[in-house]
Amino acid sequence: MKLLFCICLMMGLLSMDVNAWEANYDEDKIPAYELPELLRMQDGSAVSTPDDWRTKRRPELIRLFEEHVYGRMPGRPEGMAFELLESDGKALEGKATRKQIRVRLGKGVDGPAFDLLLFIPNHVKRPVPGFLGLNFFGNHSISADPKILLSQSWMRNNKDHHTVRNRATAASRGTSSRRWPIERIIERGYALGAIYYGDIDPDFHDGFKNGVHPLVDEAGGKRSGAAWGAICAWAWGLSRGLDYLETDDDIDAARIAVIGHSRLGKTSLWAGATDERFAAAISNDSGCGGAALSRRCIGETVWRINNSFPHWFCHNFRQYDNNESALPVDQHQLIALVAPRPVYVASAEKDRWADPKGEFLAALHADPVYRLLGLEGLPATEMPSVDQPTVGRVGYHVRTGGHNLSPYDWEQYLDFMDRHVR
Ligand code: GTR
26 MKLLFCICLM
36 MGLLSMDVNA
46 WEANYDEDKI
56 PAYELPELLR
66 MQDGSAVSTP
76 DDWRTKRRPE
86 LIRLFEEHVY
96 GRMPGRPEGM
106 AFELLESDGK
116 ALEGKATRKQ
126 IRVRLGKGVD
136 GPAFDLLLFI
146 PNHVKRPVPG
156 FLGLNFFGNH
166 SISADPKILL
176 SQSWMRNNKD
186 HHTVRNRATA
196 ASRGTSSRRW
206 PIERIIERGY
216 ALGAIYYGDI
226 DPDFHDGFKN
236 GVHPLVDEAG
246 GKRSGAAWGA
256 ICAWAWGLSR
266 GLDYLETDDD
276 IDAARIAVIG
286 HSRLGKTSLW
296 AGATDERFAA
306 AISNDSGCGG
316 AALSRRCIGE
326 TVWRINNSFP
336 HWFCHNFRQY
346 DNNESALPVD
356 QHQLIALVAP
366 RPVYVASAEK
376 DRWADPKGEF
386 LAALHADPVY
396 RLLGLEGLPA
406 TEMPSVDQPT
416 VGRVGYHVRT
426 GGHNLSPYDW
436 EQYLDFMDRH
446 VR
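Residue numbering for the sequence shown follows the working numbering, beginning at 26 and increasing consecutively.
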């Protein structure tokens, strides 16, 4: 009885009240930490050649992120099929070709599927390079174009987006268009592919039953500690989008950058790390579990994110709640997994929850891999001032303002693409 009481007391002390918790924003209160070494194997041996990186350390790091953070990434499903739902060569006042493709992921027409919306510039020679990204409110939210199919999937409700299942209404057409400057992207000669993340996996915790989970999860609802979470499922969906792009003659699938904002920025980094077909990866304000170093424990922490969003990461990640120093990886290594391909990390000055400095430091500490591979990494040693991008093969900026994907961010990404991908 006494033992039971002690255990209960300890559990009470160990668990923390989410509501009583306050984020730390004080640099002086960051615990002393040591980052896991990028260029050293788990067994202590050094990683000193490009070949060591490619054949030993890179696969080891992918495995560690799978086992401890995002969960295991399945392969391409059998029975995947693409159905062109509609296309129009004179979209956006004749400047673009619009296509909408249903990507069926298996198990026939009743199995999980998502819609890929594609805008392709008409004024440039095809095949064209482009961006592929997930959005939060349906493909119809990124442009007021009335021909975009209205999403029929679960829709996030901003007031209570963890549980409420909404349906999209026509009033939501174009409501996120400020985040997606399609005309500008087209004018600069790039295609844009968009997928609604809720088609792939609705963003609330239902015990991993809906979305694409039934396709690959073990029968009977049994999941291992390294079974994939929602971020991994969304990233997997991006790879399936790229599978389609590889079949489209208008698109240069070898020159597609994966892009995402916030939780979808975490997702674009994991997609860029795991799928080497992506020509570049762009992380916009991705924060904890994205570009920010977990060990800094500033703003959102591992414990906080696992409690707020129990479905995002694999179960094993919970071992690191308030225990970041035990993590065998940190997020600089995730950014490094994009090497030798270009990677861009962006922060916003007021987005302290996402820890702009931690995002910068992670980009900085990814640099040694680029140098090892004989490439320019991040041309900085100190965090740049606001609105002063520092851009090599690794790019970074912190922009004025708050958590958002803004036209300023897009201008930097378009320049980055011109420089490295076009
Ligand atoms: C916040 C979350 C962040 C970030 C953001 C978003 O609530 O704490 O990690 O991902 O949501 O995706 O908008």
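From the three backbone atoms N, C-alpha and C, an ideal C-beta is built for every residue, glycine too.
Inspect the beta-carbon positions of ALA255 and CYS339 and report whether they are closer than 8 Å. Stepping through the sequence shown from its first residue, residue 255 is reached at position 230. Stepping through the sequence shown from its first residue, residue 339 is reached at position 314. Cβ distance not < 8 Å, so ALA255 and CYS339 don't count as in contact.
Checking 8 Å against the spacing of the C-beta atoms, do VAL423 and PRO409 come in under that value? Reading the sequence shown from its first residue, position 398 is the one you call residue 423. Reading the sequence shown from its first residue, position 384 is the one you call residue 409. Yes. Within cutoff.
Where does SER287 sit, in a helix, a strand or coil, going by DSSP? Numbered from 1 along the sequence shown, position 262 holds the residue referred to as residue 287. SER287: coil per DSSP, three-state reduction.
Cβ-based burial, GLN437 [other Cβ within 10 Å; buried from 16]: Counting from 1 along the sequence shown, the entry for residue 437 is found at position 412. Looking at its Cβ environment, which holds 16 or more other Cβ atoms inside 10 Å, GLN437 is buried.
Assuming PHE107 and ILE126 form a contact by the criterion Cβ under 8 Å, report the distance between their Cβ atoms to the nearest whole angstrom. Position 82 of the sequence shown, counting from 1, holds the residue named residue 107. Position 101 of the sequence shown, counting from 1, holds the residue named residue 126. That belief holds up - the Cβ atoms of PHE107 and ILE126 are roughly 6 Å apart, short of 8 Å.
DSSP three-state call for THR235: helix, strand or coil? Locating residue 235 in the sequence shown gives position 210, counting from the first residue. The sequence as given places Asn at residue 235; Thr does not occur at that position. DSSP places ASN235 in coil when its eight states are reduced to three.
Taking only the alpha-carbon atoms, compute the straight-line gap between ALA282 and GLY155 and give it to the nearest angstrom. Numbered from 1 along the sequence shown, position 257 holds the residue referred to as residue 282. Numbered from 1 along the sequence shown, position 130 holds the residue referred to as residue 155. Answer to the nearest angstrom: the Cα atoms are 6 Å apart.
Taking the straight line between their C-alpha atoms, what separation do you get for ALA169 and MET442? Walking along the sequence shown from the start, residue 169 turns up at place 144. Walking along the sequence shown from the start, residue 442 turns up at place 417. Cα-Cα distance, rounded: 26 Å.
Compute every distance between the C-beta of ARG288 and the non-hydrogen atoms of ligand 1, then say whether any falls below 7 Å. The sequence position of residue 288 within the sequence shown is 263, counting from 1. ARG288 Cβ: within cutoff of ligand 1.
Taking C-alpha atoms, which residue in VAL370, LEU389, VAL394 and ASP268 lies nearest to TRP435? The count along the sequence shown starts at 1 and reaches residue 435 at position 410. Nearest to TRP435 by alpha-carbon distance, out of VAL370, LEU389, VAL394 and ASP268, is VAL370.
ASP346 versus ARG329 - alpha carbon distance: Taking the first residue of the sequence shown as 1, we reach residue 346 at position 321. Taking the first residue of the sequence shown as 1, we reach residue 329 at position 304. Distance between ASP346 and ARG329, taken at the CA atoms: about 8 Å.
Buried or exposed: PRO84, going by 16 or more other Cβ atoms within 10 Å of its Cβ? Working through the sequence shown from its first residue, we reach residue 84 at position 59. The residue in question, PRO84, is exposed, as its Cβ has fewer than 16 Cβ neighbours within 10 Å.
Quick check: the Cα distance between PRO75 and VAL241, rounded to an integer number of angstroms? Numbered from its first residue, the sequence shown carries residue 75 at position 50. Numbered from its first residue, the sequence shown carries residue 241 at position 216. So the two alpha carbons sit approximately 34 Å from each other.
In the DSSP assignment, find the unbroken beta strand (DSSP E) run with ASP440 in it and report its ends. As a first step, residue 440 is located in the sequence shown; it is residue number 415 there, counting from the start. If you look at ASP440, you'll find it isn't in any beta strand (DSSP E); it sits in the alpha helix (DSSP H) that goes 432 to 445.
Would a C-beta distance cut-off of 8 Å place VAL94 and VAL416 closer than the cut-off? Within the sequence shown, the letter at position 69 stands for residue 94. Within the sequence shown, the letter at position 391 stands for residue 416. No, they are not a contact pair.
Give the list of continuous beta strand (DSSP E) stretches no shorter than 3 residues that lie fully inside the stretch 275 to 329. 276 to 286 and 305 to 309
Spatially closest choice to LEU318 from TRP259, GLY163 and ALA388, by CA coordinates: Along the sequence shown, read from residue 1 onward, the residue named residue 318 stands at position 293. When only C-alpha atoms are compared, the closest one is ALA388.
Please give me, in chain order, every unbroken run of the beta strand (DSSP E) with length at least 3 that falls completely inside the stretch 344 to 380. 368 to 373
According to DSSP, simplified to helix, strand and coil, what is VAL72? Within the sequence shown, numbered from 1, the residue matching residue 72 stands at position 47. Correct three-state label for VAL72: coil.
Bounding residues of the beta strand (DSSP E) (the contiguous stretch that carries ARG127): On the sequence shown, residue 127 is found 102 positions in, with the first residue counted as 1. Looking at the DSSP string, the run of the beta strand (DSSP E) that includes ARG127 is 121 to 129.
Supposed close pair PRO457, HIS230 - CB separation, criterion 8 Å: Lying before the first or after the last residue shown, residue 457 is absent from the chain, which here runs from 26 to 447.
Can you look up LEU240 in the DSSP assignment and give me helix, strand or coil? The sequence position of residue 240 within the sequence shown is 215, counting from 1. For LEU240, the secondary structure class from DSSP, reduced to helix, strand or coil, is helix.
Proximity below 8 Å, CB of ALA121 to CB of ASN164: For the purposes of this step, residue 121 is identified with residue 96 of the sequence shown, where counting begins at 1. For the purposes of this step, residue 164 is identified with residue 139 of the sequence shown, where counting begins at 1. No. Outside cutoff.
Local conformation of SER202 per DSSP, three classes: For this step, residue 202 is matched to residue 177 along the sequence shown. Of the three classes helix, strand and coil, the one that applies to SER202 here is helix, per DSSP.
Could you give the DSSP three-state label for VAL423: helix, strand or coil? Your numbering for residue 423 matches position 398 in the sequence shown. Correct three-state label for VAL423: strand.
Per DSSP, SER112 is paired with what? On the sequence shown, position 87 is the one that residue 112 refers to. Note: SER112 sits in a beta bridge opposite LYS124.
Can you give the Cα-Cα distance for MET35 and LEU130, rounded to whole angstroms? If you number the sequence shown from 1, residue 35 lands on position 10. If you number the sequence shown from 1, residue 130 lands on position 105. With a pLDDT of 48 at MET35, under the threshold of 50, the predicted position of this residue should be treated as unreliable, though the coordinate-derived value follows. Computed Cα separation, rounded: 46 Å.
Would you say GLU325 touches ligand 1, meaning its beta carbon is less than 7 Å from a heavy atom? For the purposes of this step, residue 325 is identified with residue 300 of the sequence shown, where counting begins at 1. In this structure, the C-beta of GLU325 approaches ligand 1 to less than 7 Å from one of its heavy atoms.
Tell me which same chain residues have a C-beta within less than 6 Å of the C-beta of GLY158, skipping the five on either side of it? One-based indexing of the sequence shown puts residue 158 at position 133. Setting aside the 5 residues that flank it on each side, GLY158 is surrounded in the same chain by ILE284 and GLY285, each with a C-beta closer than 6 Å to its C-beta; the list follows chain order.
Rounded to whole angstroms, what's the CA-CA distance from PRO171 to ARG198? Just pull it up for me. Mapped onto the sequence shown, residue 171 falls at position 146. Mapped onto the sequence shown, residue 198 falls at position 173. Cα-Cα distance, rounded: 8 Å.
For TYR102, which option in ARG192, VAL237, GLY223 and PHE162 has the closest C-alpha, if you only look at C-alpha atoms? Taking the sequence shown and counting its residues from 1, one reaches residue 102 at position 77. Per the sequence shown, residue 102 should be read as Pro rather than Tyr. The shortest C-alpha separation from PRO102 is found at VAL237.
Roughly how many whole angstroms lie between the Cα atoms of TYR215 and VAL153? Numbered from 1 along the sequence shown, position 190 holds the residue referred to as residue 215. Numbered from 1 along the sequence shown, position 128 holds the residue referred to as residue 153. Using only the alpha carbons, I get a separation of about 6 Å.
On the three-state DSSP scale, how would you describe ARG151? Along the sequence shown, read from residue 1 onward, the residue named residue 151 stands at position 126. For ARG151, the secondary structure class from DSSP, reduced to helix, strand or coil, is coil.
Between the Cα of LEU4 and the Cα atoms of ARG418, GLN413 and ARG82, which residue gives the shortest distance? Since the first and last residues shown for the chain are 26 and 447, residue 4 lies out of range.
Ordered along the chain, which non-local residues of its own chain (more than five positions away) have a Cβ less than 7 Å from that of TYR50? Translated into positions along the sequence shown, residue 50 becomes position 25. Only ILE323, GLY324 and ARG377 meet the Cβ criterion.
For LYS291, count neighbouring Cβ atoms within 10 angstroms of its own Cβ and tell me buried if that reaches 16, exposed if not. One-based indexing of the sequence shown puts residue 291 at position 266. LYS291 comes out buried.
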